[in-house]
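For reference, the structure is listed below as structure tokens.
Number of protein chains: 2
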Amino acid sequence: MAEFTLPHHHSDVSDALSIKETLDKTGNFTKVAEIFKNLGDSNRLRIFCLLCHREECVIDIAAMVDMTTPAVSHHLKVLKAAGLIISRRSGKEVYYRAADTFEADFLHKAVDKVMDITCPGRVDIE
Amino acid sequence: MAEFTLPHHHSDVSDALSIKETLDKTGNFTKVAEIFKNLGDSNRLRIFCLLCHREECVIDIAAMVDMTTPAVSHHLKVLKAAGLIISRRSGKEVYYRAADTFEADFLHKAVDKVMDITCPGRVDIE
DNA sequence: TTTACAATTAAACGATTGTTTAATTGTTTA
DNA sequence: TAAACAATTAAACAATCGTTTAATTGTAAA
Numbered sequence: 009m010a011e012f013t014l015p016h017h018h019s020d021v022s023d024a025l026s027i028k029e030t031l032d033k034t035g036n037f038t039k040v041a042e043i044f045k046n047l048g049d050s051n052r053l054r055i056f057c058l059l060c061h062r063e064e065c066v067i068d069i070a071a072m073v074d075m076t077t078p079a080v081s082h083h084l085k086v087l088k089a090a091g092l093i094i095s096r097r098s099g100k101e102v103y104y105r106a107a108d109t110f111e112a113d114f115l116h117k118a119v120d121k122v123m124d125i126t127c128p129g130r131v132d133i134e
Numbered sequence: 009m010a011e012f013t014l015p016h017h018h019s020d021v022s023d024a025l026s027i028k029e030t031l032d033k034t035g036n037f038t039k040v041a042e043i044f045k046n047l048g049d050s051n052r053l054r055i056f057c058l059l060c061h062r063e064e065c066v067i068d069i070a071a072m073v074d075m076t077t078p079a080v081s082h083h084l085k086v087l088k089a090a091g092l093i094i095s096r097r098s099g100k101e102v103y104y105r106a107a108d109t110f111e112a113d114f115l116h117k118a119v120d121k122v123m124d125i126t127c128p129g130r131v132d133i134e
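Chains as they are written, first to last, in our numbering: chain G, 9 to 134; chain F, 9 to 134.
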């Protein structure tokens, strides 16, 4: 990346190189985008938010979000692979809940905040 | 929603109904998921972050993120429709930059935060 | 009014995604 | 061990998405 020049030159060209270099560390942006993508489906988002408020088994999750259990199971797999939720088996049931991590907690707050911004006047969970 | 009962009963069943009702206001979750989806593509995320730091024309954006101009134009359209960026024309060029809104600002900070969490030890822009 | 350049749009494409139905695995109880 | 129930996995499908190439629109300079 020794000789990068912008096709056009308006603002500080000096910054351009360093910004481009940061932008090139695509790995970072890919990771972050992946995380946002996890919450980019409304059903998955509903499940995640539910599991931030209560631990629940798959059948009850399915009942609360009004979906089939295979569909729910699929989304749980995605959220779990992302490290956003954890599970424990108790007898025949598997219970899921939000992971007790800084990331999951931050994302939950971020979702609440974005909902505050975009849906003013809404009624919050509890 | 008068007679909703959970298939199984573990924790407080009383909460279940109110949570389900909140979860049913799907409109809200759809809106929020839509916003996260906008940042759920690494190239679109790179463009958004770039435009949070500097105003730039399409050709230069394309050069900095190493993409074709039609591809960039497509992402700009998505981000603009979401209200995350704005544009102004000056002569032959169209300049884009992050919108000066609470939402765009919050999202920018959220991206930074998530990157801090997931990519520790990274070098920040500027 | 041509010519050149910036940007957008259109059409086509391959790839990914979310859901459904059916089959399978895991666990408990009769 | 057989039957019942919870959960996951598999296969198939339609729908969405991001990128490419080509064509088009918009603006300015020759």
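Just so you know, even glycine gets a beta-carbon here, dropped at the ideal spot from N, CA and C. These figures come from a predicted structure and were not determined experimentally.
Unbroken alpha helix (DSSP H) run spanning Ala-118/G, endpoints:
110 to 126
So, helix, strand or coil for Glu-64/G, using DSSP?
strand
Pick helix, strand or coil for Arg-105/G, following the three-state DSSP scheme.
strand
For a test of the three-state rule: what should DSSP assign to Glu-134/F, helix, strand or coil?
In this predicted model, Glu-134/F has a pLDDT of only 48, less than 50, meaning its place in the structure is not dependable enough to derive any value.
Where Asp-113/F and His-61/F are concerned, what is the direct C-alpha to C-alpha distance, given to the nearest angstrom?
11 Å
Which residues does DSSP pair with Arg-97/G in a beta bridge?
Val-102/G
Residues that Asp-68/F contacts on chain G, provided the C-beta gap is smaller than 7 Å:
Leu-14, Pro-15, His-16
Cα-Cα separation between Ser-95/G and Leu-53/G, rounded to whole angstroms
17 Å
Alpha carbon to alpha carbon, what distance is there between Leu-47/F and Leu-92/F?
10 Å
Any C-beta of chain G within less than 7 Å: which residues of the segment 30 to 61 of chain F qualify?
Thr-30, Leu-31, Thr-34, Asn-36, Phe-37, Thr-38, Lys-39, Val-40, Ala-41, Ile-43, Phe-44, Lys-45, Leu-47, Gly-48, Asp-49, Ser-50, Leu-53, Arg-54, Leu-58, His-61
For Ala-90/G, which three-state DSSP category applies?
coil
Determine the DSSP secondary structure at His-16/F, reduced to helix, strand or coil.
coil
Can the beta-carbon of Asp-68/G be found less than 8 Å from the beta-carbon of Leu-14/F?
yes
Between Asp-120/F and Glu-64/G, what straight-line distance do the alpha-carbon atoms span, to the nearest angstrom?
32 Å
Assuming contact is defined by CB atoms lying nearer than 8 Å, are Ile-55/F and Val-73/F in contact in what I supplied?
yes
When the cut-off is 8 Å and only beta carbons count, does Lys-6/G lie next to chain F?
Any property of residue 6/G remains undetermined from this structure, which presents chain G solely from 9 to 134.
Using a beta-carbon distance below 8 Å, is Met-142/F in contact with chain G?
As shown, chain F starts at 9 and ends at 134. That puts residue 142/F outside it, with no answer to give.
Can you check whether the C-beta of Ile-125/G is within less than 8 Å of a C-beta belonging to chain F?
yes
Are the CB atoms of Ile-50/F and Thr-30/G nearer to each other than 8 Å?
In the sequence as displayed, the identity of residue 50/F is Ser instead of Ile. For Ser-50/F and Thr-30/G, no; Cβs fall outside 8 Å.
Beta-carbon proximity of Thr-126/G to Ile-43/F, cut-off 8 Å
yes
Against chain G, does Asp-113/F count as a neighbour if the rule is that its beta carbon must be under 8 Å from one of theirs?
no
Give me the Cα-Cα distance between Lys-88/F and His-17/F, rounded to the nearest whole angstrom.
46 Å
When you compare only the Cα positions, how much space is there between Pro-78/G and Val-102/G?
14 Å
Do Ala-106/F and Leu-59/F have their C-beta atoms closer together than 8 Å?
yes
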